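Take a look at the structure below.
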Amino acid sequence: MKSCHGFSPSFSQRYLCLPIYVKCGTNYTFYIENIVSIILFVTLTRLLFLFSYTPYCRSKWLRMVLIFLPIPFLMYQIGNLYDFQKFVDEEGAISFFKDSFEISDYNFSRFIKYQFLFFCVSAIVTLVLLPVRMIISFGAQSIPKIKFNFFINKNIEIWRSSMNLTNTALR
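Plus 163 on top of the position in the sequence shown (first one is 1) and you've got this note's numbering.
Right, dumping it as structure tokens:
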């Protein structure tokens with residue numbers, strides 16, 4: 164059965180981590196951190212923008228959980244980003260390859276670095292924005308509904324009456 168969600172986490176893991184595994188093998192030690200970053204980014208981005216279309220968007224308990232759940236993931240992701248940056252600064256991204264120092268390996272090591280940084284920082288941003296989105300959704304439901312139709316209808320009536328005045332003045 165195919166997923167209709169388009170860019171799924173398994174798709175991104177397969178096509179973003181497989182080339183790293185083929186090229187680096189076991190020298191790349193950040194597979195788990197990379198996969199977790201990809202899953203968090205893709206899943207939370209979907210949740211961030213499409214939460215109102217889910218069947219559980221009215222659940223107050225779930226929204227409350229989604230306010231506090233990102234905190235440990237945020238600390239985990241910041242730790243991953245720090246560890247990766249420390250490794251790249253101390254040993255260099257080229258050290259993911261055994262003893263090969265070709266220019267193509269250097270370019271691929273830049274891809275590895277930028278790919279990890281993109282997904283890790285993007286996951287951190289979505290982890291920060293998700294509680295804000297949930298708090299806004301609480302606020303949107305707790306504010307009493309103001310009947311904007313009254314204001315719109317009143318403005319339309321004023322506009323129509325002014326148009327009638329100008330039309331009669333032109334005749």
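No residue lacks a Cβ here, since even glycine has one placed at the ideal position from N, Cα and C.
For clarity, every value in this text was computed on a predicted model and none was experimentally measured.
How is residue i classed by DSSP in three states: helix, strand or coil?
i	result
Phe311	Here the model assigns Phe311 a pLDDT of 48, short of 50, so the residue's position is not dependable and the matter cannot be decided.
Pro182	helix
Phe236	helix
Cys218	Looking at the sequence shown, residue 218 is not Cys but Pro. Three-state DSSP puts Pro218 in coil, outside helix and strand.
Gly255	coil
Thr189	helix
Phe260	coil
Glu196	helix
Among the options, whose alpha-carbon lies nearest the alpha-carbon of residue i?
i	options	result
Phe281	Gly188, Thr217, Ile198	Ile198
Thr189	Leu211, Gln240, Leu229, Lys261	Lys261
Phe301	Arg221, Lys186, Lys249	Arg221
Taking 8 Å as the limit between beta carbons, can you name the residues of its chain near residue i, skipping five residues before and five after?
i	result
Phe311	Low confidence applies to Phe311: its pLDDT is 48, below 50, so where it sits in the model is not reliable, and the reading given next is rough at best. None.
Asn243	Phe193, Glu196, Val199, Ser200, Cys283
I'd like to check one pair, residue j with residue i: are the Cβ atoms closer than 7 Å?
i	j	result
Phe247	Phe279	yes
Tyr216	Phe259	no
Arg273	Leu211	no
Pro218	Leu293	no
Go through its chain and collect everything with a Cβ distance to residue i's Cβ below 6 Å, but skip five positions before and after it.
i	result
Thr208	Thr289
Ala286	Ser200, Leu203, Phe204, Gln240
Which residues in the same chain as residue i place their Cβ atom closer than 7 Å to its Cβ, once the five residues preceding and following it in sequence are excluded?
i	result
Ile183	Tyr191, Ile275
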